[in-house]
Each structure stands twice: as C-alpha cells, then as structure tokens.
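J.: Could you have a look at this structure, given as structure tokens, before my questions?
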Amino acid sequence: MGLNVYLSGEIHTDWRDQIIDGAQGLDITFNAPVTDHAASDDCGVEILGAEDNKYWHDHKGAMVNAIRTRKGIADADVVVVRFGDKYKQWNAAFDAGYASALGKSLIILQPPEHDHALKEVDAAALAVARTPQEVVQVLRYVLTGALPG
Numbered sequence: 069m070g071l072n073v074y075l076s077g078e079i080h081t082d083w084r085d086q087i088i089d090g091a092q093g094l095d096i097t098f099n100a101p102v103t104d105h106a107a108s109d110d111c112g113v114e115i116l117g118a119e120d121n122k123y124w125h126d127h128k129g130a131m132v133n134a135i136r137t138r139k140g141i142a143d144a145d146v147v148v149v150r151f152g153d154k155y156k157q158w159n160a161a162f163d164a165g166y167a168s169a170l171g172k173s174l175i176i177l178q179p180p181e182h183d184h185a186l187k188e189v190d191a192a193a194l195a196v197a198r199t200p201q202e203v204v205q206v207l208r209y210v211l212t213g214a215l216p217g
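Position 59 (the sequence shown) corresponds to 127 in this note's numbering; numbering is contiguous.
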C-alpha cells in the first residue's frame, strides 16, 4: 500500500523537508503548494496581467494557486496541515476544512500554544502532531505497522 500525502500550511520553515527526508524508503508520494512566497503571491498577475488594486492582485494569485491546492488535496490519501509559530494562517485552516469536508485523513502539525485556537480543526483530525518526526512516525505506522524505536 502506498500513500499520496499533501503537505499544506506554513511555508517559512523546513518542516516539509524534514518529513520528506524522514520518510525515505516508505512508499509515499508527496505534493505541496508552491512554497516560493513571492511566486505564490504574484502568480496571478504575472500570468494573467497586472492589477492596480492589491485586493485583485491577491485574488488572482489565490485563484491560480487554488487550482494546485484543490488538485493536491483531492488526490491525497492523507493531508498534513502545518500551523506555524508566526502569521495568521487562514489558508491552512481553509485547507484543513476542505480536506475534512472531502473525507481525507487529516494530520495537524502545530505547537501546543495553538491548541485552544485550533480546537475545532484538531477535532476533525485523526492525529495532532507536535513535530515533523511525529508525522513521519504516524505515516510509517500506517504503512508498515511498525512502532517507533
């Protein structure tokens, strides 16, 4: 059995690389949004034309990015959503809700200080992890039945 895993959420740290590196040797295909922040913000206007109003600039980018996000989540067996220490990550919460609505297996990766704010998101998840290593251990267990150690 192989897994298709979509890695959603925070883009300012290397958590995705830690999971991908830790899962070496497992039958997992990883997908993710575009994590180049400037490219993600500007893709709409770079491809579809400039906008004078920042709202429409951002709106175009969000719509173009949504094509990749919807496809990645729809095709995923498991969706991992990372809520980081900084920024208001509304897009991550949206991705978690979208994945949950599609019936996807959801793993949330968050620090303990977000527990209260994310209690509804966490309630929809099948696992809430604190570290990328815990995510890898969940994926390894799902695929092999092996416990850590």
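Cβ coordinates follow ideal geometry from the N, Cα and C atoms, glycine included.
Quick caveat, the model's predicted, so the values are computed rather than measured.
#1: In the DSSP assignment, find the unbroken alpha helix (DSSP H) run with Leu-116 in it and report its ends.
#2: Nearest to Ile-115 by CA position, among Leu-71, Pro-101 and Met-131, is which residue?
#3: Using a Cβ-Cβ cut-off of 7 Å (strictly less than) and excluding sequence neighbours within five positions of Asp-153, which residues of its own chain qualify?
#4: Opposite Val-210 in the DSSP bridges: which residues?
#5: Within 10 angstroms of its Cβ, does Thr-212 collect 16 or more other Cβ (buried), or is it exposed?
#6: Residues in its own chain within less than 8 Å of Thr-103 by CB, not counting five upstream and five downstream?
T.: Inspection of the coordinates gives the following:
#1: 105–116
#2: Taking each of Leu-71, Pro-101 and Met-131 in turn and checking the Cα distance to Ile-115, the smallest one comes out for Met-131.
#3: Pro-179
#4: Bridge partners of Val-210: none, in fact.
#5: exposed
#6: Ile-79 and Arg-84
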